[in-house]
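Here the protein sequences line up with chains A and B, keeping their order. So the mapping is simple: this note's numbering equals the position in the first sequence, first residue as 1, plus 12. So the mapping is simple: this note's numbering equals the position in the second sequence, first residue as 1, plus 5. Note that the Cβ used here is the ideal one computed from N, Cα and C, for glycine as well. Computed from a prediction, not measured in an experiment: that's the story for all the values here. Notes follow once the structure below has been shown.
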Amino acid sequence: MADVMTQPARPAPKAPPRRTRAWRDILVGWSFILPNFLGFALFTLIPMLAAFALAFLDWDSYSTPEWVGLKNFQRMLGDENFHVALGNTLYYAAGHIPLTLVAALGLALVLDRKLRGMAFFRTAAFFPYVTSLVAVAIVWNMLFNPTAGPVNQVLGALGVDAPPRWVASTDWAMPAVIVTSVWRDMGYYMVLYLAGLQTIPKEYYEAATVDGAGAWQRFWSITLPSLRPTTFFVLVMLTIQSFKVLDLIVVMTEGGPGRSTKVLAQLVYEQGIREGRFGYSSAIALVLFLIVLTATLIQFRLNERRNG
Amino acid sequence: MIALNTSRRLAAVAALALAVTACGGSDEPAGGGDGNVTLRVSVWNLAKTPEFTALFEAFQQANPTIKIQPVDILADDYPEKVTTMLAGGDTTDVITMKNVIDYSRYSSRGQLLDITDAVKSTDTSKLAGLDAFDVQGKYFAMPYRQDFWLLYYNKKAFEAAGVTMPDKLTWDEYAKLAQQLTREEGGKKVYGAYHHTWRSVVQAVAAAQSGGDQLGGDYSFFNDQYALALGLQKSGAVLDFGTAKAQKSDYRTQFETGAAAMMPMGTWYISGILEARKKGATDVEWGLAPMPQRPGGTEVTTFGSPTAFAVNAKAEHADAARKFVQFAASQAGAEAITKVGVVPALQTPEITKAYFAAEGMPSDELSKKAFEPDKVVLEMPVSEKASDIDTILNEEHELVMVGEKSAADGIASMNERVKNEALD
Numbered sequence: 013m014a015d016v017m018t019q020p021a022r023p024a025p026k027a028p029p030r031r032t033r034a035w036r037d038i039l040v041g042w043s044f045i046l047p048n049f050l051g052f053a054l055f056t057l058i059p060m061l062a063a064f065a066l067a068f069l070d071w072d073s074y075s076t077p078e079w080v081g082l083k084n085f086q087r088m089l090g091d092e093n094f095h096v097a098l099g100n101t102l103y104y105a106a107g108h109i110p111l112t113l114v115a116a117l118g119l120a121l122v123l124d125r126k127l128r129g130m131a132f133f134r135t136a137a138f139f140p141y142v143t144s145l146v147a148v149a150i151v152w153n154m155l156f157n158p159t160a161g162p163v164n165q166v167l168g169a170l171g172v173d174a175p176p177r178w179v180a181s182t183d184w185a186m187p188a189v190i191v192t193s194v195w196r197d198m199g200y201y202m203v204l205y206l207a208g209l210q211t212i213p214k215e216y217y218e219a220a221t222v223d224g225a226g227a228w229q230r231f232w233s234i235t236l237p238s239l240r241p242t243t244f245f246v247l248v249m250l251t252i253q254s255f256k257v258l259d260l261i262v263v264m265t266e267g268g269p270g271r272s273t274k275v276l277a278q279l280v281y282e283q284g285i286r287e288g289r290f291g292y293s294s295a296i297a298l299v300l301f302l303i304v305l306t307a308t309l310i311q312f313r314l315n316e317r318r319n320g
Numbered sequence: 006m007i008a009l010n011t012s013r014r015l016a017a018v019a020a021l022a023l024a025v026t027a028c029g030g031s032d033e034p035a036g037g038g039d040g041n042v043t044l045r046v047s048v049w050n051l052a053k054t055p056e057f058t059a060l061f062e063a064f065q066q067a068n069p070t071i072k073i074q075p076v077d078i079l080a081d082d083y084p085e086k087v088t089t090m091l092a093g094g095d096t097t098d099v100i101t102m103k104n105v106i107d108y109s110r111y112s113s114r115g116q117l118l119d120i121t122d123a124v125k126s127t128d129t130s131k132l133a134g135l136d137a138f139d140v141q142g143k144y145f146a147m148p149y150r151q152d153f154w155l156l157y158y159n160k161k162a163f164e165a166a167g168v169t170m171p172d173k174l175t176w177d178e179y180a181k182l183a184q185q186l187t188r189e190e191g192g193k194k195v196y197g198a199y200h201h202t203w204r205s206v207v208q209a210v211a212a213a214q215s216g217g218d219q220l221g222g223d224y225s226f227f228n229d230q231y232a233l234a235l236g237l238q239k240s241g242a243v244l245d246f247g248t249a250k251a252q253k254s255d256y257r258t259q260f261e262t263g264a265a266a267m268m269p270m271g272t273w274y275i276s277g278i279l280e281a282r283k284k285g286a287t288d289v290e291w292g293l294a295p296m297p298q299r300p301g302g303t304e305v306t307t308f309g310s311p312t313a314f315a316v317n318a319k320a321e322h323a324d325a326a327r328k329f330v331q332f333a334a335s336q337a338g339a340e341a342i343t344k345v346g347v348v349p350a351l352q353t354p355e356i357t358k359a360y361f362a363a364e365g366m367p368s369d370e371l372s373k374k375a376f377e378p379d380k381v382v383l384e385m386p387v388s389e390k391a392s393d394i395d396t397i398l399n400e401e402h403e404l405v406m407v408g409e410k411s412a413a414d415g416i417a418s419m420n421e422r423v424k425n426e427a428l429d
C-alpha cells in the first residue's frame with residue numbers, strides 16, 4: 013500500500029499532486045469495502061465466473077474437463093425436461109410477481125395508519141417472512157392436504173363438490189406453491205411499501221381533497237405515481253427472486269407430481285449435484301442468469317423511459 | 006528434517022508428508038511407537054443408525070491402533086453431500102455406499118479405490134449382494150449389509166379382524182386380506198395396508214417377480230402391480246398416495262401407531278422397530294411374512310439392495326481403510342451389526358440364529374421363514390443410465406399414483422421417455 017502511494021509522488025516531491033490524493037481516496041474507499049468484497053469475490057464472483065466457463069465444458073467433477081463449445085446449449089434445445097422447467101418457472105413468476113406486488117401494496121395501504129395496535133398487525137404481516145421456510149412449506153402442505161386438509165374442508169363446507177387436489181394434482185400444485193410463496197413474501201415487500209408511503213407529502217392529499225378528489229382518485233393519481241421508485245425496486249427484486257425459486261418447491265412438492273412444478277433452479281441442482289453433469293448444469297444456470305438479466309434490463313429501460 | 010536443507014516451509018510440508026505416510030504405511034504398532042491411525046468414515050444419521058457405532062466399536066477392539074472418526078451426514082442429503090465431498094477432493098478414508106446407483110456413479114468416475122484384491126482374498130461365497138458391486142470383473146466396494154423387502158404385519162390388528170396371516174400369499178390374496186383388515190376403530194380409520202410413496206413398492210416388486218428389466222425401456226411388466234396398488238387405493242384399503250405425499254407420511258408412524266395392519270418394507274426397519282419398542286415409543290405386536298408373490302410361483306422372490314463400504318481414491322489411510330472394509334464384511338463384522346437388528350451381507354445359519362435371538366425379535370416360525378427368501382433381486386440394476394431412468398420412472402410413478410394418468414398411459418410415457426431421454 014505504501015509503495016503504491018509514494019510511487020506517483022516521486023517525480024514532483026514538493027506539492028502533493030492531485031493524483032496522490034485521488035489514489036489515497038481510492039485506497040481508503042477500497043479498504044472500506046474490502047471485507048465485504050473479499051467475501052463476495054471468493055464465494056460469489058469467482059464461482060460465478062467459473063460456472064460461466066463450465067457451461068462450455070463437459071465435466072463430471074472428477075475427470076479432466078473437456079471443451080465442448082455450444083454442445084450443452086444445443087442439448088438444452090432438445091431436452092424436454094428443460095422446456096418443462098422453463099415453462100414452470102415462467103408460470104411461477106407470472107403468478108408470484110403480480111400477486112405478491114398487489115398483496116404487499118394492499119397490506120401496506122391498510123396498515124399505513126396511526127391506530128392503536130397497528131404495530132402488532134404490521135409485525136403479524138411480516139412474520140411469515142422471518143419464519144423458517146421449511147416450516148412454512150410443511151404447514152401449508154398440511155393445509156393443502158387433498159383429503160384431510162383444512163383448505164379443502166372449508167371448500168367442502170362452502171359446497172364445492174370436488175375441491176382441487178392441490179399438491180396431489182398437476183393442475184393445482186403450482187397454484188398451491190404460488191399461494192404459499194405470496195403469503196410468505198408479501199410481508200417483506202409490505203415493509204418496503206410502508207417506507208415508500210411515508211415519503212409522500214401529506215400536502216398532496218390535502219390539495220387533492222380540496223379539489224374534490226375521491227379516495228380512488230387520490231390513490232390512482234397520487235399514491236401510485238409517488239410509489240413508482242418503490243414499485244420499481246419491488247418489481248426488480250420480485251423478478252429475480254421468482255426466477256431463482258428452489259427451496260419452497262423442493263420442500264413442498266419436490267417438483268411433482270410428475271414434473272408439474274419442476275423449475276429451472278431445481279434442474280440445475282439435479283443435473284449438477286445429482287447427475288454430476290456440471291457443464292450442462294452450468295449452461296442451464298447461465299441461461300437462467302441471462303433470462304433474469306434480460307428481464308431486469310427491460311425493467312430498467314421502461315423505468316428510465318417513464319422518468320424521462 | 007535437518008537433511009532437507011531448503012526453506013523452512015518445505016521442511017514442514019515434508020515432515021507432514023512423512024508423518025502421513027508413516028501412519029498409512031504401518032498398520033501394526035512399531036514396537037511402542039506412536040503408530041496410531043485415525044480413520045475417517047462417512048456415515049448418515051449416526052445417532053439413529055446404531056449399526057455404525059456397533060461396527061466401529063467391534064473394529065476398534067480388534068484393531069486397537071486404529072481409531073475411527075465418523076463423518077456424520079444427514080441421511081436425506083447423503084448422496085449429494087458425498088458427491089460434493091468427492092468432487093472437492095475430500096480425503097475421508099472410507100465412504101459408505103448407501104445405494105448401488107451412487108456406487109456405479111462414483112466407481113465409473115474413478116473416485117473409489119479398486120479393492121478387487123481384497124475381495125478376491127476373502128471367502129465371499131456367503132456374502133450376499135456382492136454381485137451388485139461387480140464392475141466388469143472389478144470391485145470398488147464390499148457389502149456389509151443386505152436388506153431385502155418383506156411384509157410387516159400387526160398381529161393385534163389381525164386378531165381384531167379375526168384373520169390369520171397365511172404362510173404364503175399371492176398379491177390377490179394380499180389385496181383381499183387388506184380389505185378385510187380395513188375398518189373404523191374408535192372414529193379412526195385403520196387401513197389394511199400402507200404402501201409407501203417410493204416407486205419401488207410397485208416397480209421393483211414387479212421387476213423382481215416378473216423378471217422385467219427396469220433399464221430396458223419397456224415397462225409393460227409393471228401393469229399387474231399398478232392394477233393392484235391402484236385398486237387398493239380406490240377401495241380405501243390403503244392411504245391414498247396424494248395424501249401420503251402431501252403430509253410427508255412416515256412409514257414408521259403408519260405402522261407403529263397401528264394406522265395400517267400390513268406394510269411391505271425393507272429389513273432395515275427391523276432395527277427401527279426394535280429401538281422404538283425398547284424406548285417405549287410403540288407397543289406394536291409385530292411379525293414378519295414373506296413378500297406376497299405372483300400367482301403360480303413356488304419360490305419366494307423379493308428385491309433388496311446391499312449397503313457397502315468403499316475406499317476413497319484419495320484416502321489418507323488407504324491400508325487401514327481396506328482393513329476396515331474387509332472387517333465389516335467378515336464374520337466378526339456381521340456379528341456386531343446383527344446385535345442391533347441389522348441384516349448383514351454375510352449369511353450363515355449361525356448368523357440368522359443369532360439375529361432372531363436378539364431381544365424383541367418375533368419368535369414365530371413364519372417370521373423366521375420370511376427371513377430366508379429364495380431369491381433377492383437387486384432393487385435397481387447398476388448402469389450409467391440408472392440415475393436418469395430412476396428420475397423418469399419416479400416422475401411417472403407419481404402421476405399414475407395420484408390419478409393424473411392411467412397406469413397404461415403412465416407406462417406408455419415411461420417407455421417413451423426412457424427411450425428418448427435416457428437410452429438414446
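Same chain only: Cβ atoms within 7 Å of residue i, ignoring 5 sequence neighbours per side
i	result
B/E384	S205, A209, F308, G309 and S310
B/I73	L44, V46, F61, F64 and Q65
B/A27	Here B/A27 scores only 41 on pLDDT, less than 50, and its place in the model is too uncertain to base an answer on.
A/A295	A67, N84, F85 and M88
A/Q283	R289, Y292, S293 and I296
Beta-carbon separation (whole angstroms), residue i vs residue j, contact threshold 8 Å
i	j	result
B/V405	B/G415	4 Å
B/D77	B/V48	6 Å
A/V280	A/I261	That belief does not hold up - the Cβ atoms of A/V280 and A/I261 are roughly 13 Å apart, past 8 Å.
A/S254	A/A105	4 Å
B/K390	B/T96	Incorrect: roughly 30 Å between the Cβ atoms, too far for contact.
B/F138	B/P148	7 Å
B/T353	B/K131	6 Å
B/Y157	B/L293	6 Å
As assigned by DSSP and simplified to three states, the class of residue i
i	result
B/D139	strand
B/A16	At B/A16 the pLDDT is 43, less than 50, meaning the model places this residue with poor confidence and gives no usable figure here.
B/E421	helix
A/L57	helix
A/D124	coil
B/F314	strand
A/A106	helix
B/W203	coil
A/Q283	helix
B/L439	Lying before the first or after the last residue shown, residue 439 of chain B is absent from chain B, which here runs from 6 to 429.
A/D70	strand
B/A286	coil
Cβ shell of residue i (< 8 Å), same chain only, five flanking positions each side left out
i	result
B/S368	F361
B/N399	R204
B/G236	A180
B/A35	Legend: pLDDT at B/A35 = 38, less than 50; position of this residue unreliable, value from coordinates given subsequently. If we look at B/A35 and ignore the five residues flanking it on each side, it has no Cβ neighbours.
A/L298	A63, F64 and A67
B/S335	T127 and L351
Chain-order list of residues whose beta-carbon lies under 6 Å from that of residue i (same chain, five-residue window excluded)
i	result
B/L174	P297
B/V345	P55, E56, A59 and S276
B/A259	Residue identity check: residue 259 of chain B is Gln in the sequence provided, not Ala. Answer for B/Q259: Y199 and A265, listed in chain order.
B/Q214	R299 and T306
A/Y141	G199 and Y200
A/D197	T112
B/Q230	V207, V210 and A211
Residues that residue i bridges to, as DSSP identifies them
i	result
B/N159	B/W291
B/Q184	Bridge partners of B/Q184: none, in fact.
B/P75	B/V46
B/V99	B/V46 and B/V316
B/T306	B/K380
B/T175	B/Q298
### Message
If we require 3 or more residues per run, which beta strand (DSSP E) segments fall completely within the region 227-276 of chain B?
### Response
The region 227-276 of chain B contains these whole beta strand (DSSP E) runs: 265-271.
### Query
Unbroken alpha helix (DSSP H) runs of length 4 or more, entirely within the region 174-262 of chain A: which are they?
If we require 4 residues or more, the alpha helix (DSSP H) runs fully inside the region 174-262 of chain A come out as 185-210, 214-222, 227-230 and 240-255.
### Query
Hey, which unbroken runs of the alpha helix (DSSP H) at 4 residues or more fall wholly within the region 103-157 of chain B?
Counting only runs of 4 or more, we get 105-113 and 121-125.
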